[in-house]
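Asker: The numbering of the sequence shown is UniProt numbering, which starts it at 1 and goes up by one.
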Amino acid sequence: MHTPMQDPKFDESRNPNIPAAGYRWIELRQMAVYLLISAVGVWLLVEALIRVAPVLVSLERERQWFGFVGDIIADEYTRPDKGLQDLADDLAQRMQLPAGSVRVYRSDKNTVNAFATFGGHIVMYQGLLDKLPDEESVAAVLAHEIAHVKHRDALRGASRSLLFTLIVSAATGGQGNADLLIGLESLRYSRNLEAAADAAAVQAVQSRYGNVGGAVRLFHVFEQAEHEHGHSHTPQWAQSHPDTAERIRHVRAIAAQQQFPEAPSRRPNPWRNPKSSHAP
Numbered sequence: 001m002h003t004p005m006q007d008p009k010f011d012e013s014r015n016p017n018i019p020a021a022g023y024r025w026i027e028l029r030q031m032a033v034y035l036l037i038s039a040v041g042v043w044l045l046v047e048a049l050i051r052v053a054p055v056l057v058s059l060e061r062e063r064q065w066f067g068f069v070g071d072i073i074a075d076e077y078t079r080p081d082k083g084l085q086d087l088a089d090d091l092a093q094r095m096q097l098p099a100g101s102v103r104v105y106r107s108d109k110n111t112v113n114a115f116a117t118f119g120g121h122i123v124m125y126q127g128l129l130d131k132l133p134d135e136e137s138v139a140a141v142l143a144h145e146i147a148h149v150k151h152r153d154a155l156r157g158a159s160r161s162l163l164f165t166l167i168v169s170a171a172t173g174g175q176g177n178a179d180l181l182i183g184l185e186s187l188r189y190s191r192n193l194e195a196a197a198d199a200a201a202v203q204a205v206q207s208r209y210g211n212v213g214g215a216v217r218l219f220h221v222f223e224q225a226e227h228e229h230g231h232s233h234t235p236q237w238a239q240s241h242p243d244t245a246e247r248i249r250h251v252r253a254i255a256a257q258q259q260f261p262e263a264p265s266r267r268p269n270p271w272r273n274p275k276s277s278h279a280p
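1) For the segment 108-119 against the segment 127-143, are there 3 or more C-beta pairs whose distance is under 8 Å?
2) Let me know if Glu-47 comes out buried or exposed under the rule of 16 or more other beta-carbons within 10 Å of its beta-carbon.
3) Could you please give the first and the last residue of the uninterrupted alpha helix (DSSP H) stretch that includes His-148?
4) Alpha helix (DSSP H) containing Val-57: first to last residue?
5) Tell me Ser-107's beta-bridge partners as DSSP assigns them.
6) Mind checking whether Tyr-105 and Ala-139 have CB atoms under 9 Å apart?
7) Decide if His-144 is buried, meaning its Cβ has at least 16 other Cβ atoms within 10 Å, or exposed.
8) Specify the secondary structure class of Ala-263 as computed by DSSP and reduced to three states.
9) Does the contact criterion of 3 or more C-beta pairs under 8 Å hold for the segment 204-211 versus the segment 160-167?
10) Which partner residues of Pro-268 appear in the DSSP bridge assignment?
11) Helix, strand or coil for Phe-68? Go by DSSP, reduced to three states.
12) Going by C-alpha distance, which of His-227, Tyr-189, Ala-201 is nearest Pro-242?
13) Taking the CB atoms as reference points, tell me whether Arg-191 and Ile-50 lie closer together than 9 Å.
14) Please name the residue, chosen from Leu-97, Val-141, Asn-113, Glu-185, that lies closest to Arg-152 on a Cα-to-Cα basis.
15) Can you tell me which of Leu-193, Val-251, Ser-186, Ala-197 puts its alpha carbon nearest to the alpha carbon of Arg-217?
16) So is Phe-219 buried or exposed if we call it buried at 16+ other beta carbons inside 10 Å?
17) So which of Gln-203, Gly-119, Ala-53, Pro-54 has the shortest CA-CA distance to residue 332?
18) What would DSSP say about Ala-116, mapped onto helix, strand or coil?
19) Are there 16 or more other CB atoms within 10 angstroms of the CB of Arg-29, so buried, or fewer, so exposed?
20) Using alpha carbons as the reference points, say which of Ala-39, Ile-248, Gln-64, Tyr-77 lies closest to Ala-170.
21) Beta carbon of Trp-271, beta carbon of Asp-89: below 9 Å?
22) Nearest to Phe-260 by CA position, among Val-221, Ser-207, Ala-245, Pro-274, is which residue?
23) For Asn-269 versus Asp-71, is the C-beta spacing smaller than 9 Å?
24) Where does Glu-194 land, buried or exposed, given buried means 16+ other C-beta within 10 angstroms?
25) Pop quiz: Ala-197 and His-148 are said to be a contact at Cβ under 8 Å. What is the actual Cβ separation, rounded to whole angstroms?
26) So, are the CB atoms of Ala-255 and Val-202 less than 9 Å apart?
27) For Met-95, does the count of other Cβ atoms within 10 angstroms reach 16, so buried, or fall short, so exposed?
28) Specify the secondary structure class of Gln-85 as computed by DSSP and reduced to three states.
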């Protein structure tokens with residue numbers, strides 16, 4: 001009598017190509033460690049490249065490359081201002097920048113802002129000048145923007161943004177939340193640059209005036225502007241600048257540490273429009 005042959009069975013747990021359940025968690029942990037090390041390595045590489053960029057591209061070279069920016073900025077509403085330029089030159093010297101490192105423009109536009117861009121070009125808007133109560137607070141704005149020039153923030157920021165965009169896009173294929181990740185990292189980096197520029201401005205204002213009152217009054221102006229236009233409820237991690245109240249605390253902490261006094265204004269703001277509602 002013939003016994004029917006049974007189908008052979010293989011114990012899949014003994015298959016070397018299919019790891020046991022316990023090993024799957026080990027593999028997942030190994031993969032997580034690998035991804036973490038890779039992310040840290042990429043971050044360190046980007047930071048190293050950004051630190052090298054200002055060395056490879058000198059400020060003089062940057063001015064040569066981006067000299068055309070001044071031609072773009074200057075228009076019927078924006079022009080060089082000798083008074084602001086003289087003040088900026090004095091502050092730049094105190095901040096140990098070579099002569100001619102910055103070029104200041106005054107815009108007639110009613111925008112409450114100022115900015116520094118490639119090549120040491122700085123724009124001061126009349127809307128901000130009209131709100132500043134004294135020369136010392138004007139100097140605080142200029143010193144802050146000059147610090148961005150000294151720290152090469154335009155070059156570093158643009159280079160960093162480009163590198164992170166390339167790396168994150170390559171890692172994600174440009175899908176998912178790549179833009180969100182890049183944007184949040186850029187905002188975090190921007191807040192750090194702003195805090196460093198604030199610290200440098202405090203030192204420059206103290207050097208010129210013997211006190212840091214102008215820097216504190218500057219941020220009180222920003223607080224008042226926020227109050228007038230409604231305080232932003234945007235979370236801190238989604239903002240390009242540190243919180244204004246935090247900036248005031250930061251300035252005062254530096255002043256306390258360095259024993260810099262905070263004194264009232266002694267010099268009027270000569271750039272304020274007499275017709276401005278903020279003029280005394």
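For every residue, glycine included, the Cβ atom is placed at its ideal position computed from N, Cα and C. Given the structure is predicted, the values throughout are model-derived calculations rather than measurements.
Answerer: Reading it off the structure:
1) In the pairwise beta carbon analysis, the segment 108-119 is classified as touching the segment 127-143: at least three pairs are separated by under 8 Å.
2) Here residue 47 is taken as the residue at index 47 of the sequence shown, counted from 1. Flag for Glu-47 reads exposed.
3) Position 148 of the sequence shown holds residue 148. Element bounds for His-148: 135-150.
4) Within the sequence shown, residue 57 is the residue found at index 57, counting from 1. DSSP places Val-57 outside any alpha helix (DSSP H), giving it a letter other than H or E.
5) Looking up residue 107 in the sequence shown gives position 107. Bridge partners of Ser-107: Thr-78, Tyr-125.
6) Taking the sequence shown and counting its residues from 1, the one referred to as residue 105 is at position 105. Taking the sequence shown and counting its residues from 1, the one referred to as residue 139 is at position 139. No, these two residues do not count as a Cβ contact at 9 Å.
7) As a first step, residue 144 must be located in the sequence shown, where it is residue number 144. Counting other Cβ atoms within 10 Å of its Cβ, His-144 reaches 16 or more and is therefore classed as buried.
8) For the purposes of this step, residue 263 is taken as residue 263 along the sequence shown, with counting starting at 1. Ala-263 sits in coil when the DSSP states are folded into three classes, being neither helix nor strand.
9) Three or more beta-carbon pairs separated by less than 8 Å are not found between the segment 204-211 and the segment 160-167, which leaves the two stretches without contact.
10) Start at 1 with the first residue of the sequence shown, and residue 268 comes out as number 268. Asp-134, per the DSSP bridge assignment.
11) Counting from 1 along the sequence shown, the entry for residue 68 is found at position 68. Phe-68: helix per DSSP, three-state reduction.
12) For the purposes of this step, residue 242 is taken as residue 242 along the sequence shown, with counting starting at 1. Residue Tyr-189 holds the alpha-carbon nearest to the alpha-carbon of Pro-242 among His-227, Tyr-189, Ala-201.
13) Locating residue 191 in the sequence shown gives position 191, where the first residue counts as 1. Locating residue 50 in the sequence shown gives position 50, where the first residue counts as 1. The answer is no: Cβ separation not under 9 Å.
14) Along the sequence shown, one-based indexing puts residue 152 at 152. The candidate whose alpha carbon is nearest that of Arg-152 is Leu-97.
15) Here residue 217 refers to the residue found at position 217 of the sequence shown. Among Leu-193, Val-251, Ser-186, Ala-197, the Cα nearest to that of Arg-217 is on Val-251.
16) Position 219 of the sequence shown, counting from 1, holds the residue named residue 219. So Phe-219 counts as buried.
17) Coverage of the chain is limited to positions 1 through 280, which leaves residue 332 absent and any answer about it impossible.
18) Your numbering for residue 116 matches position 116 in the sequence shown. In the structure shown, Ala-116 falls within a strand segment according to DSSP collapsed to helix, strand and coil.
19) Stepping through the sequence shown from its first residue, residue 29 is reached at position 29. Exposed, because fewer than 16 other Cβ atoms sit within 10 Å of the Cβ of Arg-29.
20) What you label residue 170 is simply residue 170 of the sequence shown in a count that begins at 1. Nearest C-alpha to Ala-170 among Ala-39, Ile-248, Gln-64, Tyr-77: Ala-39.
21) Against the sequence shown, residue 271 aligns to sequence position 271. Against the sequence shown, residue 89 aligns to sequence position 89. No.
22) Taking the first residue of the sequence shown as 1, we reach residue 260 at position 260. Among Val-221, Ser-207, Ala-245, Pro-274, the Cα nearest to that of Phe-260 is on Ser-207.
23) Here the question's residue 269 lines up with position 269 in the sequence shown. Here the question's residue 71 lines up with position 71 in the sequence shown. No, these two residues do not count as a Cβ contact at 9 Å.
24) Within the sequence shown, residue 194 is the residue found at index 194, counting from 1. Buried is the call here.
25) Position 197 of the sequence shown holds residue 197. Position 148 of the sequence shown holds residue 148. The Cβ separation is near 5 Å, so the contact holds.
26) Within the sequence shown, residue 255 is the residue found at index 255, counting from 1. Within the sequence shown, residue 202 is the residue found at index 202, counting from 1. Going by C-beta atoms, Ala-255 is nearer than 9 Å to Val-202.
27) On the sequence shown, residue 95 is found 95 positions in, with the first residue counted as 1. Looking at its Cβ environment, which holds 16 or more other Cβ atoms inside 10 Å, Met-95 is buried.
28) Start at 1 with the first residue of the sequence shown, and residue 85 comes out as number 85. Residue state for Gln-85 is assigned as helix, using DSSP reduced to three classes.
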